[in-house]
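Numbering (this note's numbering), first residue to last: 1 to 304. Input: a single structure, listed below in structure tokens.
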Amino acid sequence: MYRLLVLYIFLLVSCTTTNRALSYTVQTKPVYKIDPEPQKIILLNTCNFATKKIRDKKEELFISLTDSLMLWASGKITDKTGIRTQVLTGYTDLAGNTDSTVLAQLKEYNASHAIILYSFNVFFNQTHVDVVKNLDGKKDRTAYYDIVADIDYSFYSIAGLLKNKTILKKRFHSSRSVISGLLAVGPNVVAQRKDARDIMLENGQDFLNYFFPGEAGRTRIIFTGKGFEAVNAALARNNYDAALTENLRFIDDSNKEKAAKACYNCAVLFDRKGQPGEAKTYLQQSLSLFNLREARSMLNDFEE
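Here it is, written out as structure tokens:
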């Protein structure tokens, strides 16, 4: 969804000279509070790819990817929180996947919590086929594909199951011609292992964001057209402080729409600086002046 939003914004920017797209990363707060706080978390994988009847190279890839995901998540958790983690690489047989078998693992590794991968798949999904009729009457068909990561996680404490989460992450990947009368063969996930790893890590970040301080990508419109030329010049130099200063000059402008756009621009720049409180204040000020669509949409993100 985020990638589609980025594509929409850049298409919008390309059709107008009054906007510029600004992409950045913001820090997020966890959705759920873990009480008591974990002392040590083990991460393990119960997906036995040897029983999935998939080709050898794909099996090897998925074993490598699940290990990479757990090691990456372990590092993220420790970096963000200081909580100790331990990764059990490879396949872990929980003998029925009952609460008691998970508790046995926690006791064995002297851990208070466990993150478990219960199912894992990365694949390509054909979303649609465009058909174009040529002048000679023949038809050209183009198939479009998303890359998808579908992963089931469970989060346990010594008291039992805390949450099950299925995270489905997808984004556009590529297109290719379809031979007339035949279905197009989609991209090969083994050959596209870098893209498979990227979408997997995006999926993992979405999961971690539920329980730990995390991060999320943002792409916002900045008004840089008539009256905001100095803002555009500052952004072209990557001087965001100067861009903020230029916008602050117009927040009390007699033209309410211009003042609202300046306040909104300030909100985006404060959000990028990691100051969400200031960003929300300027968004509210913007909307008090003019019903600006961009400010309304951004404020919705703050209130989710």
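A virtual CB, placed ideally from N, CA and C, is assigned to each residue, including glycine. The structure displayed is predicted, hence computed values, not measured ones.
- Taking 8 Å as the upper bound for CB-CB distance, residue 59 and residue 73 are not in contact here, some 22 Å apart.
- The alpha carbon of residue 300 has as its nearest neighbour, out of 109, 247, 31, 280, the alpha carbon of 280.
- Unbroken alpha helix (DSSP H) runs of no fewer than 4 residues, entirely contained in the stretch 169-224, are found at 193-211, following chain order.
- By the neighbour-count definition (other C-beta atoms within 10 Å, threshold 16), residue 249 is an exposed residue.
- The alpha-carbon separation between residue 55 and residue 85 amounts to approximately 32 Å.
- Residues 169 of the same chain have their beta carbon placed closer than 6 Å to that of residue 202, with the five preceding and five following residues left out of the count.
- In this structure, the CA atom of residue 253 is about 14 Å from the CA atom of residue 226.
- The residue among 125, 83, 78, 44 with its C-alpha nearest the C-alpha of residue 92 is 44.
- Pairwise C-beta distances place the stretch 95-109 in contact with the stretch 152-165, as three or more of them are shorter than 8 Å.
- Counting C-beta pairs closer than 8 Å gives three or more between the stretch 62-77 and the stretch 189-204, which meets the contact rule.
- Taking every protein chain shown into account, the CB of residue 38 has 16 or more other CB atoms within 10 angstroms, so this residue is buried.
- Along the length of the stretch 112-142, whole beta strand (DSSP E) runs at least 3 residues long occupy 113-133, reported in chain order.
- By a beta-carbon distance limit of 8 Å, residue 278 does not contact residue 25. Their separation comes to about 17 Å.
- The Cβ atoms of residue 48 and residue 222 lie no closer than 8 Å to each other.
- Residue 226 carries a coil assignment under DSSP once its states are collapsed to helix, strand and coil.
- For residue 41, the enclosing beta strand (DSSP E) stretches over residues 40-45.
- Annotated as proximal: residue 207 and residue 153, with beta-carbon spacing under 8 Å.
- When the beta-carbon positions are compared, residue 139 and residue 131 come within less than 8 Å of each other.
- For residue 89, there is no enclosing alpha helix (DSSP H); the residue is found in the beta strand (DSSP E) stretching over 84-91.
- For residue 123 against residue 87, the beta-carbon gap comes to about 24 Å, at or over 8 Å, which does not count as contact.
- By the neighbour-count definition (other C-beta atoms within 10 Å, threshold 16), residue 265 is a buried residue.
- Residue 256 counts as exposed, since fewer than 16 other beta carbons sit within 10 angstroms of its beta carbon.
- Residue 18 sits in coil when the DSSP states are folded into three classes, being neither helix nor strand.
- When DSSP states are grouped into helix, strand and coil, residue 291 belongs to the coil group.
- Annotation: the continuous alpha helix (DSSP H) that includes residue 102 extends over 99-108.
- In terms of CA proximity to residue 295, 283 leads the group 302, 283, 288.
- For residue 68, the uninterrupted alpha helix (DSSP H) run begins and ends at 56-81, by DSSP.
- Looking at the DSSP output, residue 25 shares a beta bridge with 217.
- For residue 273, there is no enclosing alpha helix (DSSP H), as DSSP gives it neither H nor E.
- One alpha carbon belongs to residue 218, the other to residue 135, and they sit about 43 Å apart.
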